[in-house]
Amino acid sequence: LAVGFILGRDREGFVVYVTSGFLVWYLCTGIIGGALNIFQEGKTAILHAVAPMSTHLYRLAVREVIIFFHNFVVFLIIAYLFGVLFEIQWLYILPGLVLVLANLLWMGLIVACLATLFDDVTPAVQYSLMLLMFITPLFWYPEVNAHRAAFTTYNPFYYLVTAVRAPLLGEPASATVWTACAVMAVLGWLAALSVFQLTRDKIALAL
Numbered sequence: 001l002a003v004g005f006i007l008g009r010d011r012e013g014f015v016v017y018v019t020s021g022f023l024v025w026y027l028c029t030g031i032i033g034g035a036l037n038i039f040q041e042g043k044t045a046i047l048h049a050v051a052p053m054s055t056h057l058y059r060l061a062v063r064e065v066i067i068f069f070h071n072f073v074v075f076l077i078i079a080y081l082f083g084v085l086f087e088i089q090w091l092y093i094l095p096g097l098v099l100v101l102a103n104l105l106w107m108g109l110i111v112a113c114l115a116t117l118f119d120d121v122t123p124a125v126q127y128s129l130m131l132l133m134f135i136t137p138l139f140w141y142p143e144v145n146a147h148r149a150a151f152t153t154y155n156p157f158y159y160l161v162t163a164v165r166a167p168l169l170g171e172p173a174s175a176t177v178w179t180a181c182a183v184m185a186v187l188g189w190l191a192a193l194s195v196f197q198l199t200r201d202k203i204a205l206a207l
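This is how it looks when you write it as structure tokens:
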């Protein structure tokens, strides 16, 4: 609310815009940031081969999804107060969320593997997420900032945030957004599985 009233010109629309953006952003940072220590937290189970290492990443994702739906209640309150609750495109929220999770899981897997083996990865990811928060259009509208087009076109988090935020604001995400999220998921999982195969045996030794 503070950000919306301080920065927003069209305060009602801007408050909802910022709230919906941060709703998705917290899910992104929760999974990626949580993945930094996920193997360390599951050290005992990993060393004793109690369950596959991917189980720890799925557990993190479930926890963050639960938090997401708690935060979703806050968004619904804001949407009701500013009169946009009944404009939400409910049917598009779930597939958008599925695409977002599909991408966040491969990102989390890569981050978890690299952070376990290399100490410098953790601060690098943390500072990168802080920078990405300002590069990603959470506080600003892409359509009225044409000079920042590169921050959306080449920013994967723009597509992830938009896939869920667009239906929350009353319109389904564009085909470009859906396609970008799907392509990122396919290519990302190929990369993540390759990284996991290369580092899997080294992770237990590094714990």
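In my numbering, the protein residues as written are 1 to 207. Glycine residues also receive a C-beta, built at the ideal position from the N, C-alpha and C atoms.
Helix, strand or coil: how does DSSP classify TYR159 here? The residue given as residue 159 occupies position 159 in the sequence shown. Three-state result, TYR159: helix.
Measure the alpha-carbon distance for ALA61 versus GLY83 and round it to whole angstroms. On the sequence shown, position 61 is the one that residue 61 refers to. On the sequence shown, position 83 is the one that residue 83 refers to. Distance between the alpha carbons of ALA61 and GLY83: 31 Å.
When the distance is taken between beta carbons, is PRO156 closer than 7 Å to MET184? Locating residue 184 in the sequence shown gives position 184, where the first residue counts as 1. Locating residue 156 in the sequence shown gives position 156, where the first residue counts as 1. The answer is yes: Cβ separation under 7 Å.
What three-state label does DSSP hand PHE82 in the structure shown? Mapped onto the sequence shown, residue 82 falls at position 82. Coil.
Between the stretch 40 to 59 and the stretch 101 to 118, are three or more C-beta pairs nearer than 8 Å? yes
Using C-beta distances below 8 Å, list every residue in its chain close to TYR141, excluding the 5 sequence neighbours before and after it, in chain order. The sequence position of residue 141 within the sequence shown is 141, counting from 1. Contacts found: TYR17.
Please classify TRP140: does DSSP put it in a helix, a strand, or coil? As a working note, residue 140 is residue 140 in the sequence shown. In this structure, TRP140 counts as coil in the three-state DSSP scheme.
Give me, in chain order, the residues of the same chain whose beta-carbon lies closer than 7 Å to that of PHE172; leave out the 5 immediate sequence neighbours on both sides. If you number the sequence shown from 1, residue 172 lands on position 172. Strictly speaking, residue 172 in this sequence is Pro, with Phe absent from that position. Correct list, in chain order: GLN89, TYR92 and ALA166.
Do the CB positions of THR122 and LEU36 come within less than 7 Å of each other? Taking the first residue of the sequence shown as position 1, residue 122 is located at position 122. Taking the first residue of the sequence shown as position 1, residue 36 is located at position 36. Contact flag set, yes.
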